[in-house]
Structures are given as C-alpha cells and as structure tokens.
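Residue 399 is where the sequence shown starts when you use the working numbering, and the numbers rise one by one after that.
Read through the structure below, which is laid out as structure tokens, and then see the notes.
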Amino acid sequence: MKENRHQEDIIRFAEKIQAPILADPLSQIRYGYQHELITAHYDHYLKIVDIHPDIIIRFGRKPTSNILCRLLEEWKQKTFLVDEWIRFNDDCPNFIQAPIAAFCKNQINKTGWKGKSEWKNLLLSFEREIDMLILSETGYSEAIIARVCHESLQDGDQLIIGNSMPIRDVDMFTSVSGLKIDTYSNRGASGIDGVISTALGVSAMNNDQKSLLLIGDLSFYHDMNGLLASKYEMNITIVVINNRGGGIFSFLPIADAGIEKFEQFWTADAGLDLEKVAELYHCQFSKTDNLEELRVSINESFSKIGIQIIEAKIQIEDNVKAHKTFTEKVENALTPS
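Right under this line is the structure:
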C-alpha cells in the first residue's frame with residue numbers, strides 16, 4: 399500500500415482556508431479520506447457552470463479530467479503548482495518546488511486567508527446533486543461498469559486503471575469514499591501499452607491484497623503477452639470492457655467528420671475471442687452483459703487463485719448515448735429553469 403505522504407496535510411490546509419479539494423482518482427485522496435471538502439464530480443459541472451476562482455493551488459501532476467486541464471490553462475496566471483519535482487510539458491508559471499506536506503504545514507501556520515463560504519458551498523452542492531444522479535443510474539454502460547469495479551473493492555485493495563475510457567469513467571463516475579483504495583495507472587503520454595504487465599507487477603508486490611484491473615479490449619490486446627506471468631501464481635481480477643475497439647474516438651469530433659472508414663481505422667476492432675486468450679495463457683474466464691452478473695463475477699473471482707479474466711461486453715453506440723443522456727440530466731439539475 400502507498401505510504402501517506404501528504405494527503406492529510408492537504409486536507410488540513412483546505413480546512414484552514416475553507417477551500418474545496420478537486421480530487422483526481424489517482425491522487426490517493428479521493429478514496430480513504432471521506433471529508434466534506436473532498437469532491438469527485440467536478441468534470442460534470444465544469445462543463446456546464448461558469449466559475450471564476452480567485453486562486454488555484456494545484457498539487458502534483460496534471461489531472462485526468464480534460465475539462466479541468468483546459469480550465470487550468472485558462473487560469474494559468476492564478477494557479478500555483480506545488481510539487482517536489484519539475485515535470486516535462488507542464489508550463490505552469492507559478493511553480494513552487496517544495497515537498498507538498500512541508501508546503502501545506504507552512505501555510506497552515508502562516509496564512510490568515512480564508513475563502514468565501516458561498517463559493518465553497520456552491521461547489522459542494524453541485525457535488526451532492528451529481529452524486530445522487532450517479533447513484534440513480536442503473537443502466538449497463540461503461541461508466542457504471544467502472545463504478546461497480548470500484549465498489550467491489552474493500553479497504554486496502556488495489557485498483558489498476560487502463561487508459562482511454564476506463565480512467566475517464568473512473569474519474570467521472572466514482573465518488574469520494576472512506577475506503578482506502580490504492581489506485582494505479584500508466585498515464586504519461588496516455589498510451590495503451592504495458593497495462594497488463596504493470597497491473598501484474600502491482601499485484602505481485604502486494605499479493606496479500608485484492609487487485610482489480612479495469613481495461614479496454616484494445617489495451618488488453620496490446621499487452622496480452624503480459625499474461626505469461628500467470629505461471630508465477632499471482633492473483634488478480636481483470637475486467638475487460640469489450641466494445642470491439644477504441645471507444646474513446648466516438649466521443650471526439652472526428653466521429654462526426656463523415657470519414658468513410660472510421661470504424662476500420664479509428665475504432666479498429668481487433669476481433670479478439672477473450673475466452674480463447676484466457677485458455678492460451680491458463681487464466682480463468684467468465685463473461686457478462688449485465689451489472690448484476692458483473693458484481694457476482696467480481697466477488698467470486700476474489701476467492702479464486704490465479705488470473706481471473708471477466709469480459710464485460712458493451713456496444714460503443716450504447717456507451718456514447720449513456721454519456722450524453724447523463725450529461726443532459728446534469729444540465730437539467732444544475733441549470734436554473
């Protein structure tokens with residue numbers, strides 16, 4: 399399990415200045431510290447509500463949320479980046495090179511500034527409203543598959559998240575939780591190579607904890623040979639969202655550009671038979687096409703030895719529709735009539 403180096407210091411600093419914390423799923427603060435100032439659903443309301451913060455204090459690397467990254471670029475002059483390390487391709491002009499814990503402790507002791515309660519309360523009201531909307535979602539979609547994967551884990555377990563849509567769905571559709579779930583992902587250039595190998599390495603380092611990898615079928619295909627590690631008797635559950643290709647491209651403008659062979663060259667269905675892949679690498683296999691079966695399959699997999707592959711079949715079109723429908727629900731809830 400990752401050692402807590404600064405999460406509690408960030409929370410104490412936020413308490414001192416009464417500022418909401420926008421917690422990325424990889425920050426190790428969204429899960430394990432169920433504090434009223436920690437928020438998770440900013441990606442939804444930042445698309446709809448025009449907000450103007452006075453100051454932004456950013457800790458560590460750029461967040462997963464595309465909309466938040468774009469706004470941070472707009473807010474660059476009033477954003478302060480605090481980190482111990484200088485990062486490539488991160489040009490925040492107000493960079494404070496310092497250990498995060500030390501910075502927070504220093505500010506707690508010295509600052510007398512406090513944010514406006516109206517600002518804090520507004521964002522927290524958005525958080526509660528969207529959380530209720532997410533909890534009411536019962537349809538079978540990639541977003542709720544991500545939520546089910548997270549909710550299947552217990553305190554001290556590990557969630558490894560693939561790039562493309564899985565990390566975005568975990569970001570958008572999992573809530574703040576008091577359960578300490580350690581999260582891992584190969585972000586960097588947001589590539590899809592090596593995800594299975596990374597997950598197996600994480601599992602091997604902490605084989606006494608339950609480990610779950612959520613991954614798309616293209617990422618799974620790109621690192622199938624990582625499953626050769628099954629001979630080392632490591633235990634991990636791999637949930638493969640099989641939407642027959644790269645589903646994230648259907649959310650981009652190119653999907654509406656009228657390209658004749660969009661599915662062939664952008665969706666790029668690999669045509670995998672995941673059951674045969676599991677057989678080839680001596681992994682156990684099951685498949686599901688509904689949430690209840692998925693919950694049961696995940697829970698049963700945790701009591702088994704070895705690598706468990708669970709195929710969750712979904713249609714890209716259904717997933718795009720589910721995202722758009724949820725965005726409309728958020729707009730209706732947050733926009734005054």
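Glycine residues also receive a C-beta, built at the ideal position from the N, C-alpha and C atoms.
The structure displayed is predicted, hence computed values, not measured ones.
Same chain only: Cβ atoms within 6 Å of residue i, ignoring 5 sequence neighbours per side
| i | result |
| --- | --- |
| F618 | V638 |
| L521 | P418 |
| A412 | I419, L435 |
| T686 | L692, S695, A710 |
| I446 | E729, L732 |
Per-residue DSSP class, three states only, for residue i
| i | result |
| --- | --- |
| T723 | helix |
| F501 | helix |
| I427 | coil |
| A676 | helix |
| S684 | strand |
| A653 | A caution first: A653 carries a pLDDT of 49, below 50, which makes its placement in the model too unreliable to give a value. |
Proximity test, Cβ basis, 8 Å: residue i and chain C
| i | result |
| --- | --- |
| P564 | In the structure shown, chain C cannot be found, because there is only a single protein chain. |
Residue i versus the options, residue with shortest Cα-Cα distance
| i | options | result |
| --- | --- | --- |
| T437 | E691, S539, F524, V728 | F524 |
| Y582 | I594, F571, S573, S575 | I594 |
| K702 | K722, N640, I636 | I636 |
| C547 | Q713, K719, P734, N688 | N688 |
| E406 | N605, H442, L469, I506 | I506 |
| E516 | N640, N623, S628, H450 | H450 |
| Q556 | K727, A597, Q475, R403 | A597 |
| Y630 | D591, L610, G704 | G704 |
| Q607 | H442, M622, Q552 | Q552 |
| A602 | D621, Q713, I634 | I634 |
| R526 | I696, L616, H433, Q475 | H433 |
| L469 | F486, D448, R485, I484 | D448 |
| N730 | L531, N717, R459, G430 | L531 |
Chain-order list of residues whose beta-carbon lies under 8 Å from that of residue i (same chain, five-residue window excluded)
| i | result |
| --- | --- |
| I408 | I419, I427, F457, I498, C502 |
| L626 | Y679 |
| W511 | I415 |
Own chain residues within Cβ distance below 7 Å of residue i, not counting five before or after
| i | result |
| --- | --- |
| A544 | P564, D567, V568, F571, T572, L612 |
| I455 | F478, V480 |
Residue i beta carbon near the ligand GTP (any heavy atom closer than 7 Å)
| i | result |
| --- | --- |
| E677 | Only the bare structure without any ligand can be found here, which leaves the ligand GTP out of the picture. |
Which residue spans inside the segment 581–651 form an unbroken alpha helix (DSSP H) run of at least 4?
Taking only runs of at least 4 residues, the alpha helix (DSSP H) segments lying wholly in the segment 581–651 are 593–603, 615–620.
At which residue ranges does the segment 540–576 contain complete beta strand (DSSP E) runs of 3 or more residues, listed in the order of the chain?
556–559
Every unbroken beta strand (DSSP E) within the segment 444–521, with a cutoff of 3 residues, ordered by chain
454–457, 477–481, 492–495
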